[in-house]
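To convert, note that position 117 of the sequence shown is 116 in numbering that gives the first Met the number 0; the numbers rise steadily by one, no gaps.
No residue lacks a Cβ here, since even glycine has one placed at the ideal position from N, Cα and C.
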Amino acid sequence: MTCPSALALRIGLGLAALVLSALVLPAIDLGGLAPFQGNVFAEPTDSAEKEAFEAAKALGTVEAWDAFLSHYPSGFHADLARAYVKKLADQPQAASPSPSTAAAPTMSANDDFPAVAASWGGVVRDGPGQQYRKVGSLAEGEPVTLMARTDVFEGDFPWFKISFKDGKIGYQWGGILCSTGAERPDIFKTCTAKVPQAVTKKAPAVHKSAKKKKRCPAGEYLNQLGACQPNETGQ
């Protein structure tokens, strides 16, 4: 049987320990541990969140991290994501080249229009494609002027706007056009343009009856060759 005085002593010691803990523990500064309160050190178990974090890290752009934070705004990975965003923001931006130092685009000689060419022969249409109306036709070797190249392709060749036959305008496929000078990659090979022959007008024929009949001197007559000869018959 426990003595009453011993029991009172135990109770007294227990109360003293409680009072001592109440006085000592508030004096300990826990401010330095504040950032680590909660579940900071615990590794996230959400595999989807981890995969999203690794994907954003692989891209390494502010946009990728913003997308991650919009889905996972708190937690261990969210804190790391904000640190990555800050690091990207602190990096110096690469200076863009000034317009004066930027290289000018190289223009190919084949982009110069108008250009002299010829046709292998075929239909000329009023638009760049076989669905357009026929406006004329060209013979093989007939000269044309390439006015512009369209963006419409059939096979390996584009359609061209051309001038032909005294300034008429139409469209013909590059596969039936040919270069009369240096070979071009946008039309089919080279050829020789035929020079159009000048049309000469024939003088109107004079009717035989309109010709003045030759007269022979007296004693001569006009033979079948149109010459005068002596009239030996006396006629």
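- Distance between F67 and I168, taken at the CA atoms: about 59 Å.
- Straight-line spacing of the CA atoms in R132 and W172 works out to 14 Å.
- G166 is positioned such that its CB atom lies no closer than 8 Å to that of F187.
- Out of E153, A117 and T149, the CA that lies nearest to the CA of V143 is found in A117.
- Around the beta carbon of A55, a 10 Å sphere encloses 16 or more other beta carbons of the protein chains shown; the residue is thus reported as buried.
- Proximity to G135 across G128, V115, Q90 and F163 peaks at F163, based on C-alpha coordinates.
- By the neighbour-count criterion, in which 16 or more other beta carbons inside 10 Å mark a residue as buried, A57 falls on the exposed side.
- Cβ contact annotation for F112 (same chain, cutoff 7 Å, sequence separation greater than five): L145, M146 and A147, in chain order.
- In this structure, the beta-carbon distance from W158 to P127 falls below 8 Å.
- Put simply, the backbone Cα of A138 is about 21 Å away from that of A181.
- For Y83, the uninterrupted alpha helix (DSSP H) segment begins and ends at F75 to D89.
- Inclusion of K193 and E141 in the CB contact set at 8 Å is warranted, their separation being smaller than that value.
- Excluding its 5 nearest sequence neighbours in each direction, V122 has C-beta neighbours in its own chain below 7 Å: K133 and S136, listed in chain order.
- About 6 Å separates the CB atoms of T179 and V115; that is less than 8 Å, so the two are in contact.
- Going by C-alpha positions, H70 is about 15 Å away from V61.
- Within the same chain, C227, Q228, P229 and N230 come within 8 Å of E219 by CB-CB distance, once the 5 residues on both sides are set aside.
- Around the beta-carbon of L87, fewer than 16 other beta-carbon atoms lie within 10 Å, marking it exposed.
- Separation of E50 and V151 (C-alpha to C-alpha, rounded to the nearest whole angstrom) is 46 Å.
- Shown here, G173 sits in a helix according to DSSP, grouped into three states.
- For the pair A77 and P91, the Cα-to-Cα distance works out to about 24 Å.
- For the set P72, D45, Y170 and A80, the Cα lying nearest the Cα of Q129 is the one of Y170.
- W64 and S46 have their C-alpha atoms spaced approximately 17 Å apart.
- Per DSSP, the unbroken beta strand (DSSP E) holding V123 starts and ends at G121 to R124.
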